[in-house]
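Heads up: the structure comes next, in structure tokens.
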Amino acid sequence: MVSGSLVRRLSVLMALCLAGPLLGCGGDDSSKLSVNLYGWHDDGTPDGAFVQGLPDYPGAELMRVRVTRPSTREVLTEQTVPLSDRRIAMDSIPLGQDLRMDFEVRSATGTIAGGSTPLFSFGSTSRYRAFRAMISPVNEFAPVGSMVRVTGTGEDRLVPSRLDRRELAADWIGRVGHTATPTEDGQVLIVGGGLVNAAPLPGSQPPLTEVFDDIQLFDPATGYFTELAGDDAARQTGTVGADRLQTGRAYHSVTPLGGDRFLVVGGFRVAGGTSVATGTIELIDLNAAPGTRVQVLVDSSGSAMSLNSSRAMHSATRLESGAVIVAGGRGGSSGQVLNSFEIIQTHPQNAHATQFPMSTARVGHAAVLLEDGESVWVLGGSNDDVLQSTEVLSSQGSATASDLDRPRLEPAVYLLGASGSFNALVVGGMTGVSGGATGTYAFGRPDSGFTSTGQLSEARGGATLVELPQSRRLLILGGLDSNGDFVRSAEVLTFQGLQAAMGLDGPFGTTRYERAGFAAALTDTGRVLLVGGKAPGEAARDDAEFYNPRDPVVPPRQ
Amino acid sequence: MKVMPGRAGGLWAVVAAVCLMLVSGSAWADEGADGADGGDNGEEAQEAEEERAVPAGPTPRLFLLPVDSLRGELSSLVVERVNESTRRRVDTERNSELLPSMTQILGATDAGGEAALVLAEEQYTSGIGLLNAGQYDRAAEAFQRAVDLIEANLEGLRNFGILTDALSNLAAAYFHSGYDLDARQYMQRFAQLVPDATLDPEIYPEELREIYDDEVDRVTRAETGILHISTPRPGAIVTIDGVMRGETPLTVDDVGFGHHYLVVVQGEDVHREVIRVRARGQEEEIEVTFEAEEDVEAEVPAFFSSLQESLRTGRFGEGVAPHLAELVAFTDADYVAWVLMVRDGPRYIAAPFVYRARDGMLVQGENVDFNMDLSNLRSRVDRLSLIITGAVGRMPEDRAVVEVDLDPEVVEEPVVVAEPEEQPVEEDPDAVARAEDEPREALPVPDPTRTEPTRPLPDDPPGERSNTMRYLGWGGAAALAGGLVAGTVIMIVRSGSSEPGFEAEVEW
Numbered sequence: 000m001v002s003g004s005l006v007r008r009l010s011v012l013m014a015l016c017l018a019g020p021l022l023g024c025g026g027d028d029s030s031k032l033s034v035n036l037y038g039w040h041d042d043g044t045p046d047g048a049f050v051q052g053l054p055d056y057p058g059a060e061l062m063r064v065r066v067t068r069p070s071t072r073e074v075l076t077e078q079t080v081p082l083s084d085r086r087i088a089m090d091s092i093p094l095g096q097d098l099r100m101d102f103e104v105r106s107a108t109g110t111i112a113g114g115s116t117p118l119f120s121f122g123s124t125s126r127y128r129a130f131r132a133m134i135s136p137v138n139e140f141a142p143v144g145s146m147v148r149v150t151g152t153g154e155d156r157l158v159p160s161r162l163d164r165r166e167l168a169a170d171w172i173g174r175v176g177h178t179a180t181p182t183e184d185g186q187v188l189i190v191g192g193g194l195v196n197a198a199p200l201p202g203s204q205p206p207l208t209e210v211f212d213d214i215q216l217f218d219p220a221t222g223y224f225t226e227l228a229g230d231d232a233a234r235q236t237g238t239v240g241a242d243r244l245q246t247g248r249a250y251h252s253v254t255p256l257g258g259d260r261f262l263v264v265g266g267f268r269v270a271g272g273t274s275v276a277t278g279t280i281e282l283i284d285l286n287a288a289p290g291t292r293v294q295v296l297v298d299s300s301g302s303a304m305s306l307n308s309s310r311a312m313h314s315a316t317r318l319e320s321g322a323v324i325v326a327g328g329r330g331g332s333s334g335q336v337l338n339s340f341e342i343i344q345t346h347p348q349n350a351h352a353t354q355f356p357m358s359t360a361r362v363g364h365a366a367v368l369l370e371d372g373e374s375v376w377v378l379g380g381s382n383d384d385v386l387q388s389t390e391v392l393s394s395q396g397s398a399t400a401s402d403l404d405r406p407r408l409e410p411a412v413y414l415l416g417a418s419g420s421f422n423a424l425v426v427g428g429m430t431g432v433s434g435g436a437t438g439t440y441a442f443g444r445p446d447s448g449f450t451s452t453g454q455l456s457e458a459r460g461g462a463t464l465v466e467l468p469q470s471r472r473l474l475i476l477g478g479l480d481s482n483g484d485f486v487r488s489a490e491v492l493t494f495q496g497l498q499a500a501m502g503l504d505g506p507f508g509t510t511r512y513e514r515a516g517f518a519a520a521l522t523d524t525g526r527v528l529l530v531g532g533k534a535p536g537e538a539a540r541d542d543a544e545f546y547n548p549r550d551p552v553v554p555p556r557q
Numbered sequence: 000m001k002v003m004p005g006r007a008g009g010l011w012a013v014v015a016a017v018c019l020m021l022v023s024g025s026a027w028a029d030e031g032a033d034g035a036d037g038g039d040n041g042e043e044a045q046e047a048e049e050e051r052a053v054p055a056g057p058t059p060r061l062f063l064l065p066v067d068s069l070r071g072e073l074s075s076l077v078v079e080r081v082n083e084s085t086r087r088r089v090d091t092e093r094n095s096e097l098l099p100s101m102t103q104i105l106g107a108t109d110a111g112g113e114a115a116l117v118l119a120e121e122q123y124t125s126g127i128g129l130l131n132a133g134q135y136d137r138a139a140e141a142f143q144r145a146v147d148l149i150e151a152n153l154e155g156l157r158n159f160g161i162l163t164d165a166l167s168n169l170a171a172a173y174f175h176s177g178y179d180l181d182a183r184q185y186m187q188r189f190a191q192l193v194p195d196a197t198l199d200p201e202i203y204p205e206e207l208r209e210i211y212d213d214e215v216d217r218v219t220r221a222e223t224g225i226l227h228i229s230t231p232r233p234g235a236i237v238t239i240d241g242v243m244r245g246e247t248p249l250t251v252d253d254v255g256f257g258h259h260y261l262v263v264v265q266g267e268d269v270h271r272e273v274i275r276v277r278a279r280g281q282e283e284e285i286e287v288t289f290e291a292e293e294d295v296e297a298e299v300p301a302f303f304s305s306l307q308e309s310l311r312t313g314r315f316g317e318g319v320a321p322h323l324a325e326l327v328a329f330t331d332a333d334y335v336a337w338v339l340m341v342r343d344g345p346r347y348i349a350a351p352f353v354y355r356a357r358d359g360m361l362v363q364g365e366n367v368d369f370n371m372d373l374s375n376l377r378s379r380v381d382r383l384s385l386i387i388t389g390a391v392g393r394m395p396e397d398r399a400v401v402e403v404d405l406d407p408e409v410v411e412e413p414v415v416v417a418e419p420e421e422q423p424v425e426e427d428p429d430a431v432a433r434a435e436d437e438p439r440e441a442l443p444v445p446d447p448t449r450t451e452p453t454r455p456l457p458d459d460p461p462g463e464r465s466n467t468m469r470y471l472g473w474g475g476a477a478a479l480a481g482g483l484v485a486g487t488v489i490m491i492v493r494s495g496s497s498e499p500g501f502e503a504e505v506e507w
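Sequences listed follow chains A and B, in order.
Heads up: the first sequence is residues 0 to 557, going by numbering that gives the first Met the number 0.
Heads up: the second sequence is residues 0 to 507, going by numbering that gives the first Met the number 0.
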């Protein structure tokens, strides 16, 4: 009689023999990317509606899916199916790095909605990746959405995302005066900010009541905001609460230094019920160990270094050498406008700041790095009155440059051009310290003056300017109009050459909420993230919106 | 056509599989030659393995003893703060179910009602005296007890000013004791309740007065909020900060920013709550539900008191096992955890322990240090909680202890009880000297569930062997290899000239 163990072994042996050929045939072990789409549409409520799957976009007929490499403007493969199929399967997609999957919902007239995954890489050893991607109308604003699990019911729900307040004691963490800076892995770093009890006037000292010391990371892949001091790494290492600014601040500057290191300089803190400028400097290093991701720069004596003059609302520009020029702003005992700039060297153990005088005290100016990589051109701003002057700052000091075409406070500026031949494009700005705005834009050079070229559809001071990476067009968002009201639409400038005819598209869309003072950053999904901001009479917002520009990857002409 | 993986990667997989099958096949063949009767012993070994394995199943139940200090030497304020925070934090972890405390189990509460308020007033008076005498630590303890008692019996409080006075004096006592954060918190609370007070500079230092002024500023700017208060049945009496405001359903539109004391009474039902008002014109809904209160005083079981006393000495081992066993039986816990704190220079050290009921295994987690002013309370409690809940279910063997003796000067890392498998050869004489100075004792870890498998008894004398298994083993290996080779050939033919790539599937 055969024993039970022998029968067991024989059975296993037979199974292995059958499995052999299957192993040799390879089986189904292919690499796979799985994407689940969810949509947003305007249902008449302020937050609109998120749906699993896609909403019923009027006229929508087709879904086009493309796998692209945006950095090199390549379209690797694409496929179009009727929307009613609800599914697309693609195979033999080339492996590679920095890939993205773009989605377009198309009607008879063109693309009406779209979205993208974040950038991803798929190598020979990659096996399975999964994303959830948001589809929303193009050239429109939509709330940032994320999937949350409802406590108690266990139900999964798509909801508008908010800043992470789980580890914060503050009652309300909506904010203005914060910064939003892209990180090297496609997230957005949001630093500090505060609450005000009235809308700040452009260039004027904001009436802050509270400032925050938290640092948040936004992940476009999930839609979550996560406070650095309470992220997974902090929880695993028991350092929850450690990675925060040593000094809470608003209206500071955050400058990327490379390698996911960011320099946080100055800003306002609140003391005795008023906004007081600080000269402290901190370094955020996202690659440092949890609990040590916020550091102070130390000078050669080992002491924490600070600015020579405490300042807020200044400009900060990184030079190619790695140093940072901070210029102007407000500081001093009474928050006066400053007429100095400082060059901050960030060498480890030997950080220092050297101060130089400026030709004119200014705040609310624009600043752009010139083509030599070591000079910063500051334009406009205010010093009791709105300024028309400009000056170039460098390690040699300050040199007066050509005036703007008109006085501009909080203009947006963009440097156009190639080596040896460039122009600065200056857009919009307030024309008075207590009101008035312009929608004009002008080209100019430090040594040859400015030429007014055209006009936006709406006057905007303090607008945000974002270069769309594929088309190189300029997206203009937000700002205040002549009455000081928040401009809720977007416009797009198209140009050819250095001063050739500019085309203007828009205005497009309307922000879901008024958000004067928002912070914005372009994400690698192609959407622009707008965080915080406030409406008159209301507390600053703790949520965010996306603007979804139409900026498809188009291969360059051969 | 399915997409095949990269040809090179597929071939390596095939080669590896062939080798694996050949080796396993030959191993089977050899095993078959050596142990025709290995089956019975294998079953025993497997059963022993199953015995050791922790089966997946319900969430482990964890009983957390109150945080205590070595020989009770630390202020109750410190251990109670850490205890409260640790319980709250552990309760949020999902890999264990935190059982109610002994007090909650017994339904014991502090002396309630009138008696509690009388006691509170005595504590308050005592605190005033201690504050004036400069005994700030003790003053803080007294004021804290007064505040706690009053907050637990708000409905009987006739003079709300005692509570607010207690809060402001508590802030002062904390400030003078060096607990800056607590001082700030209570001074802010005071400002939210009494924004028009005048603070005596003799009692309240400038820093505290500044905190008060800043908070009053904040309260003023935030203006008021609107509260809509409702109860299951209308007609409940609503009191806010000691002032009767009306009956439910009630809308109150002049409540300032910050923390306020809400009491809702309907018949014998009482609801007390410290509410946080956002003000700025915002409306908030408060739906009150009355929960039955237990008013039974019960004695703590003797084994519990004995256990706590034993642990407090800092020296314990098998002697506490009976008390732990009784506690386990009383609470139906799978794990019992406790934390002992001791002062070490300018900081406190907390040593966590986790005891597993089913086998009596005890592990000591790594120490966690707290600042003297508990300014790092939150992060350290997080760490402590992770250590405790991390040990539940995992019980790291390298942390197992049998006898514990906490040195009051230095809280040592636990003695490693497992004997190292290899002793390094030390050629450096200094290293040899260190080894001699620091002898390591290896103690066996008792594990009553582990059974040694018995040595198999061969059925046949050593000279006689069965060839059946050997033939089966080698034959199987040959069949596998043949199948793999055939499959590989098929794969190569089928794959043709395809480039490496991946699939994608999009759904909506």
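No residue lacks a Cβ here, since even glycine has one placed at the ideal position from N, Cα and C.
At a cut-off of 8 Å, the C-beta of B:E502 has a neighbouring C-beta in chain A. In terms of Cβ geometry, A:A543 and A:V143 form a close pair [threshold 8 Å].
Selection A:E226, A:V367, A:A132 evaluated against A:L415 yields A:V367 as nearest (Cα-Cα). Judged by pairs of C-beta atoms under 8 Å, the segment 42-49 of chain A does not touch the segment 57-68 of chain A, as fewer than three such pairs exist. Your pair A:T116 and A:V64 does not check out as a contact, with CB atoms roughly 10 Å apart and the cut at 8 Å. Interface flag for B:S378 against chain A is set, since a Cβ pair is found closer than 8 Å.
With the rule of 3 Cβ pairs closer than 8 Å, the segment 334-342 of chain A counts as touching the segment 303-311 of chain A.
With contacts defined as CB atoms closer than 8 Å, A:T67 and A:D101 qualify as a contacting pair. If you draw a straight line from the Cα of A:Y250 to the Cα of A:G396, it comes to about 25 Å. When C-alpha distances from A:P69 are compared across A:L36, A:S470, A:G483, A:D170, the shortest belongs to A:S470. Against A:D170, the close residues of chain B are R275, R277, in the order they occur along the chain (beta-carbon pairs closer than 7 Å).
A:I87 has a beta carbon lying within less than 8 Å of a beta carbon in chain B. Against chain A, the CB of B:P59 has no partner CB under 8 Å away; the residue lies outside that interface. Between A:P255 and A:R317, the CB-CB gap stays under 8 Å. Contact of B:D213 with chain A by beta-carbon distance below 9 Å involves V269, A270, G271, G272.
For B:Y135, the enclosing alpha helix (DSSP H) starts and ends at 135-151. Within a 10 Å sphere around the beta-carbon of A:T450 sit fewer than 16 other beta-carbons, which makes this residue exposed. By alpha-carbon distance to B:A182, the top candidate from B:V263, B:L192, B:S167 is B:S167.
Considered as a whole, the segment 209-278 of chain B harbours 223-229, 236-239, 242-246, 249-255, 257-265, 268-276 as its complete beta strand (DSSP E) runs of no fewer than 3 residues, in chain order. Unbroken beta strand (DSSP E) stretches of 3 residues or longer found wholly inside the segment 371-413 of chain A: 375-378, 389-393, 396-400, given in chain order. Fewer than three Cβ pairs drawn from the segment 83-90 of chain B and the segment 352-362 of chain B lie within less than 8 Å of each other, which leaves the two stretches out of contact. The three-state reading of DSSP puts A:A436 in strand, counting E and B together. The beta carbon of A:E183 sits closer than 6 Å to the beta carbons of D259 from its chain, once the five residues preceding and following it are set aside; these are given in chain order. Residue environment for B:R379: buried (at least 16 other C-beta atoms within 10 angstroms of its C-beta). With distances taken between CA atoms, B:A115 lies nearest to B:R144 out of B:D67, B:D216, B:R144, B:E140. Of the residues assessed, B:A320 falls on the exposed side of the cut-off, its CB having fewer than 16 other CB atoms within 10 angstroms. Chain A has no Cβ within less than 8 Å of the Cβ of B:W337. Going by C-alpha positions, A:L282 is about 27 Å away from A:L378. In the structure shown, A:E154 adopts coil according to DSSP, grouped into three states. DSSP places B:Q363 inside the beta strand (DSSP E), whose first and last residues are 361-363. Residues of the segment 354-382 of chain B that bring their beta carbon within less than 7 Å of a beta carbon in chain A comprise R377, S378, D381, R382, in sequence order. Here B:D199 carries a coil assignment [DSSP, helix/strand/coil].
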